[in-house]
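Inspection log for the structure reproduced underneath, given as structure tokens.
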Amino acid sequence: MKRHLLSIADLSKDEALNVLDTAAELARITETPVKKLPTLRGRTIVNLFFEDSTRTRISFEAAAKRLSADVINFSARGSSLSKGESLKDTALTLQAMGADGVVIRHPASGAAHRLASQEWMSGSVINAGDGTHEHPTQALLDAFTIRENLRESTGDLTDLNVAIVGDVLHSRVARSNVLLLKKLGARVTLIAPPTLLPVAVNSWGCNVKYDFDSDLKTYDVVMMLRVQRERMEDAFFPSEREYARRYGLNAARLSQLNSGCIVMHPGPMNRGLEISADSADSDKSVIVDQVKNGVAVRMAALYLLLGGE
Ligand code: CP
111 MKRHLLSIAD LSKDEALNVL DTAAELARIT ETPVKKLPTL RGRTIVNLFF EDSTRTRISF
171 EAAAKRLSAD VINFSARGSS LSKGESLKDT ALTLQAMGAD GVVIRHPASG AAHRLASQEW
231 MSGSVINAGD GTHEHPTQAL LDAFTIRENL RESTGDLTDL NVAIVGDVLH SRVARSNVLL
291 LKKLGARVTL IAPPTLLPVA VNSWGCNVKY DFDSDLKTYD VVMMLRVQRE RMEDAFFPSE
351 REYARRYGLN AARLSQLNSG CIVMHPGPMN RGLEISADSA DSDKSVIVDQ VKNGVAVRMA
411 ALYLLLGGE
């Protein structure tokens, strides 16, 4: 693997499969009574979060601790960043403190690339979500969850039919998932109102549809995306009620999915908007599995970047 994990494009298909296989092995080990491995003893991981997070921050912290690393949690709020300190000076501070790995979440697309490319630090940089650009470890944990539920025996995602539904425009999760799922051989359909699709979506190499109701029976995976109201300065749909009616996963649509189809959502969910409570809590939902698998996948990423082969 390269020194940094900034984008799914940084991984070859074999490297991505190696992360998933390593995560499966680590998940097995951490299910034993002794949950911790000594692999990263003496190494320091800094969680550098300029944007709010629950799942990603906690699971990176749990992953690093299960590999016996020292963990420093650093959030923009309450730090000198709120006094205007630059990304460069923050990076130089982390270097001086001996950070071996930095997990960064930032509202600006490209922030993780900037941190890695300037050589301000000698450690590895892991992108934990940058603006609307990418969230590579989310895509890896999603692929892990799909394998675990639908392709446990072979681990192969070839020809799985995956629908990604909702606010694609603002979704770093959608971008990373499209890159990874296509790399692993799945067929991806993006379903969204035209206003919530990027201008260049035709170059993504997926099917694109505006209608959620046709073909519901054909999907193996329905991945709902959060409506990112905090990134919307304009009105992208007439009303929340209208959005939920046309693009929400509700009981009626849920009942039309095929019996083996799984329902995913990266979280946090807007219950009642992009997904109804009965869909989120149904027996098709693997949303809690996604959160659980985040720890093993992030352990694998830290282990392969910092610990060895
Ligand atoms: N899926 C995800 O990135 O969730 P958080 O924002 O809670 O980390």
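So the number in the working numbering is just where the residue sits in the sequence shown, counting from 1, plus 110. Note that beta-carbon positions come from the ideal geometry of N, C-alpha and C, so glycine has one too.
By the three-class DSSP mapping on this structure, what secondary structure does residue i have?
i	result
ARG339	helix
ALA361	helix
THR255	helix
ASP388	helix
SER369	coil
ASP325	coil
SER313	helix
LEU158	strand
ARG261	coil
LYS394	coil
ARG381	strand
How long is the line joining the alpha carbons of residue i and residue j, rounded to whole angstroms?
i	j	result
GLY276	ALA406	27 Å
THR328	ARG351	26 Å
LYS198	GLU229	10 Å
ALA387	ARG381	6 Å
LYS123	LYS292	10 Å
ALA133	ARG408	8 Å
LEU383	THR140	36 Å
SER349	TYR357	12 Å
ALA310	LYS146	45 Å
ASP344	VAL337	13 Å
TYR413	SER324	43 Å
ASP399	THR255	7 Å
GLU262	ALA253	12 Å
MET342	HIS245	19 Å
ILE397	ALA390	7 Å
Mind checking which residues open and close the alpha helix (DSSP H) that includes residue i?
i	result
LEU204	197-206
LEU291	282-293
PHE184	PHE184 -> not in any alpha helix (DSSP H); beta strand (DSSP E) instead, spanning 180-185.
LYS175	165-176
Would you mind reading off the limits of the beta strand (DSSP E) that contains residue i?
i	result
VAL332	331-334
VAL398	Note, VAL398: premise wrong, no beta strand (DSSP E); alpha helix (DSSP H) at 397-412.
ARG297	297-301
ALA273	271-275
Please find out if some non-hydrogen atom of ligand 2 comes closer than 7 Å to the beta-carbon of residue i.
i	result
THR242	In the structure shown, ligand 2 is absent; the only ligands present are ligand 1.
Within its chain, find whatever has a CB closer than 6 Å to the CB of residue i; leave out the 5 residues flanking it on each side and keep chain order.
i	result
GLY377	ARG165
THR154	ASP180, GLY208, ALA209, ASP210
LEU270	ALA296, ASP330
Once you ignore the five residues that flank residue i on each side, which residues in its own chain have a CB closer than 8 Å to its CB?
i	result
GLY370	LEU260, ASP330
Short of 7 Å in beta carbon distance, which residues of its chain neighbour residue i, apart from the five on each side in sequence? Order them along the chain.
i	result
PHE347	PRO303, THR305, TYR353
PRO217	PHE160, GLU161, GLY241
SER286	ILE118, GLU244, HIS245, PRO246, GLN248, ALA249
Suppose only complete runs of 3+ residues qualify. What are the beta strand (DSSP E) ranges in the region 207-252, listed by chain order?
The DSSP assignment places 211-216, 234-240 as complete runs of the beta strand (DSSP E) inside the region 207-252, in order along the chain (cut-off: 3 residues).
Whole runs of the alpha helix (DSSP H) within the region 114-145, excluding any shorter than 4 residues:
If we require 4 residues or more, the alpha helix (DSSP H) runs fully inside the region 114-145 come out as 123-140.
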